[in-house]
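Residues 2 to 277 (the working numbering) make up the sequence shown, in order. Where a beta carbon is used, it is the ideal one built from N, C-alpha and C, also for glycine. The model shown is predicted, which means the values in this text are computed figures rather than measured ones.
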Amino acid sequence: MRPHIVKWHGSSSMFLDDPQTIAVSHGVLGRYGGSSAAGADKNEDGVYIWIDAESDLEFVLLLDAHETDESAQLVLSYIDGAISEIAGILRGPIEECFRNLHDYMLGMLTSERFREDCRGIAGETSCLLCCRREEYLWWFNVGDCLLYLLHPELTALGQTLLNQRNFYEWIGKVNTFDKQVPCYSTGVRELRSGKNVIVLSTDGALEMGPVFLEHIKLLFDADLEKGVKDFMQMSHDRGIKDSVTMIAWQVELGHHPSYPSDGSRQELDARQIELN
Numbered sequence: 002m003r004p005h006i007v008k009w010h011g012s013s014s015m016f017l018d019d020p021q022t023i024a025v026s027h028g029v030l031g032r033y034g035g036s037s038a039a040g041a042d043k044n045e046d047g048v049y050i051w052i053d054a055e056s057d058l059e060f061v062l063l064l065d066a067h068e069t070d071e072s073a074q075l076v077l078s079y080i081d082g083a084i085s086e087i088a089g090i091l092r093g094p095i096e097e098c099f100r101n102l103h104d105y106m107l108g109m110l111t112s113e114r115f116r117e118d119c120r121g122i123a124g125e126t127s128c129l130l131c132c133r134r135e136e137y138l139w140w141f142n143v144g145d146c147l148l149y150l151l152h153p154e155l156t157a158l159g160q161t162l163l164n165q166r167n168f169y170e171w172i173g174k175v176n177t178f179d180k181q182v183p184c185y186s187t188g189v190r191e192l193r194s195g196k197n198v199i200v201l202s203t204d205g206a207l208e209m210g211p212v213f214l215e216h217i218k219l220l221f222d223a224d225l226e227k228g229v230k231d232f233m234q235m236s237h238d239r240g241i242k243d244s245v246t247m248i249a250w251q252v253e254l255g256h257h258p259s260y261p262s263d264g265s266r267q268e269l270d271a272r273q274i275e276l277n
């Protein structure tokens, strides 16, 4: 079975006043270009989704550009051109794959060729890369896109957002990888046993205010495609100006995750703290 691949950038299909949600293998992609009545006239987001269900792998890229989507298109073209090498890394020994993926991505983004290409375009983009293999989730983040991991044990402790939004950090004409010391964040998390829901979103969704986080948490119990579709429609109904792009998928795991060595469960301690 061949991997499922979706490659898209906002200027190719803007989705102005037209929220759309599609299934991509066991994942869901939602796109909305914003309300023209509120002043939206372009979409500068971008997406690359590579899902290999046979190998139990997901590799996704979310981009949120400004001025133009040239920076998003540039990153997409590099990822698409390298996907065979990236797939080889992801299918390698799990003890090495995330470290090797980090080194590969850093090498690509700091290469003279890529940096020279960035100097010739208009605008910049935030960039969030995310990969799930077995019970581990890895990410590489530049800028202010959002990554959520939903599981009852984590939600009970108030943990849903995995990454930190970083402002004044981009790839493109102004390029963090063209500095003496590139600035970005990366991490790996162990998923929990049972059902995990992973969600990536551009920050346009934050125009919804507290409703956004409430809806994100509801995605755990919802039919995922319907939940993302409802949020895209809600964004349109509320007339937000910024574009919103969301990628979500569900993973069922049966491994034994880490717990405290004294046998306690942290969520019980958290509830006691809340009561006090």
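Under 8 Å between C-beta atoms of G240 and A39: Here the question's residue 240 lines up with position 239 in the sequence shown. Here the question's residue 39 lines up with position 38 in the sequence shown. Cβ distance < 8 Å, so G240 and A39 count as in contact.
With 16 other Cβ atoms within 10 Å as the buried cut-off, status of R272: As a first step, residue 272 is located in the sequence shown; it is residue number 271 there, counting from the start. Any reading at R272 is ruled out, since the residue's pLDDT is 48, under 50, leaving its predicted position unreliable.
Within the continuous beta strand (DSSP E) that includes L155, where are the two ends? To locate residue 155, count along the sequence shown from 1; it is residue 154. Where L155 is concerned, there is no enclosing beta strand (DSSP E), although the alpha helix (DSSP H) it sits in stretches over 153-156.
Report the partner residues of T126 according to the DSSP bridge assignment. Locating residue 126 in the sequence shown gives position 125, counting from the first residue. Per DSSP, A66, I172.
Which of helix, strand or coil does DSSP assign to Y137? Taking the first residue of the sequence shown as 1, we reach residue 137 at position 136. Looking at Y137 - three-state DSSP - the assignment turns out to be strand.
By alpha-carbon positions, which one of C119, F141, S72, H27 ends up nearest to Y105? Position 104 of the sequence shown, counted from the first residue, corresponds to residue 105. When only C-alpha atoms are compared, the closest one is F141.
Coarse secondary structure for S236, derived from DSSP in three states: Against the sequence shown, residue 236 aligns to sequence position 235. The answer is helix: DSSP assigns S236 an H, G or I state.
Around the C-beta of L219, are 16 or more other C-beta atoms found within 10 angstroms, so that it is buried, or is it exposed? Taking the first residue of the sequence shown as position 1, residue 219 is located at position 218. With fewer than 16 other Cβ atoms within 10 Å, it is exposed.
Alpha carbon of W139 to alpha carbon of L129, nearest angstrom: Within the sequence shown, numbered from 1, the residue matching residue 139 stands at position 138. Within the sequence shown, numbered from 1, the residue matching residue 129 stands at position 128. Using only the alpha carbons, I get a separation of about 11 Å.
Could you have a look at D46 and say whether DSSP puts it in helix, strand or coil? Along the sequence shown, read from residue 1 onward, the residue named residue 46 stands at position 45. Strand at D46.
Can you grab the Cα-Cα spacing for the pair L77 / I95, in whole Å? For the purposes of this step, residue 77 is taken as residue 76 along the sequence shown, with counting starting at 1. For the purposes of this step, residue 95 is taken as residue 94 along the sequence shown, with counting starting at 1. When rounded, the distance between both Cα atoms is 25 Å.
Can you pull the DSSP bridge partners for E191? As a position in the sequence shown, residue 191 is number 190, starting the count at 1. In DSSP, E191 forms a bridge with Y137.
Helix, strand or coil for D145 per DSSP? For the purposes of this step, residue 145 is taken as the residue at position 144 of the sequence shown. Three-state DSSP puts D145 in coil, outside helix and strand.
Could you pull out every residue in the same chain whose Cβ sits closer than 7 Å to the Cβ of H256, ignoring the five residues on either side in sequence? Within the sequence shown, residue 256 is the residue found at index 255, counting from 1. Taken in chain order, the residues that qualify are E136, S194.
With T246 as the anchor, note down where its beta strand (DSSP E) starts and where it stops. Translated into positions along the sequence shown, residue 246 becomes position 245. Element bounds for T246: 245-254.
Which residue spans inside the stretch 53-124 form an unbroken beta strand (DSSP E) run of at least 3? 58-67
Given this structure, state the Cα-to-Cα distance separating V245 from V29, to the nearest angstrom. Looking up residue 245 in the sequence shown gives position 244. Looking up residue 29 in the sequence shown gives position 28. When rounded, the distance between both Cα atoms is 14 Å.
Consult DSSP for A38 and reduce its assignment to one of helix, strand or coil. Taking the first residue of the sequence shown as 1, we reach residue 38 at position 37. A38 falls in the helix class under three-state DSSP.
Identify the residues that DSSP records as bridge partners of N197: which are they? As a position in the sequence shown, residue 197 is number 196, starting the count at 1. V252, per the DSSP bridge assignment.
Are the CB atoms of L148 and L163 within a distance shorter than 8 Å? By one-based count along the sequence shown, residue 163 stands at place 162. By one-based count along the sequence shown, residue 148 stands at place 147. Yes, Cβ-Cβ distance for L163 and L148 is below 8 Å.
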